[in-house]
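Participant:
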Amino acid sequence: MILVNLQLKIKPEVHKEFLEWFHSILPDTRSYQGCSGLYCCSLEGDADAIEVVSKWESKSHYDDYLNWRDESGDLVTLGDFLAADPVFRFLSVNLEL
């Protein structure tokens, strides 16, 4: 199992539009094969810093998902909202209580 931490910095002038679009596509992420949890968070004190934490059966499940998002054009759309390159962090779960 892995946790994926996606860190996004949104352009302030498109923040509201981003949230509407992003919230509309997140249900498909949650229902994608291999995804067992999803949280969309904002950084305290910086609403334009968005972090998505998702739980996946494996890195290959996430890679399949990301390829699907790329093929659908969603990554290009995401890029239009960003003030900086996204940061992906992949965390192996060693213990779950």
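Residue numbers (the numbering used here): 205 to 301.
Glycine included, every Cβ here is placed at the ideal spot set by N, Cα and C.
Fair warning: this is a prediction, and the values are worked out from it, not measured in the lab.
Rounded to whole angstroms, what's the CA-CA distance from L247 to Q211? Just pull it up for me.
Facilitator: Going by the C-alpha atoms only, they are around 10 angstroms apart.
Participant: Ordered along the chain, which non-local residues of its own chain (more than five positions away) have a Cβ less than 6 angstroms from that of A288?
Facilitator: For A288, where only same-chain residues beyond five positions count, the Cβ hits under 6 angstroms are K213.
Participant: Taking only the alpha-carbon atoms, compute the straight-line gap between D250 and H219 and give it to the nearest angstrom.
Facilitator: Their backbone Cα atoms lie some 12 angstroms apart in a straight line.
Participant: Should L207 and L295 be called a contact, given that it needs their Cβ atoms to be closer than 7 angstroms?
Facilitator: Going by C-beta atoms, L207 is nearer than 7 angstroms to L295.
Participant: State the DSSP-derived secondary structure class of L295, mapped to helix, strand or coil.
Facilitator: Correct three-state label for L295: strand.
Participant: What's the gap between the Cα of D274 and the Cα of V291?
Facilitator: Using only the alpha carbons, I get a separation of about 16 angstroms.
Participant: Distance check for E217 and D268, CA to CA, integer angstroms please.
Facilitator: Distance between the alpha carbons of D268 and E217 is about 32 angstroms.
Participant: In three-state terms, what does DSSP make of K213?
Facilitator: Strand, per DSSP.
Participant: In whole angstroms, what is the alpha-carbon distance linking E255 and V297?
Facilitator: Distance between the alpha carbons of E255 and V297: 18 angstroms.
Participant: Please find out if some non-hydrogen atom of the ligand ATP comes closer than 6 angstroms to the beta-carbon of L210.
Facilitator: As for the ligand ATP, it is missing from this structure, which has no ligand bound.
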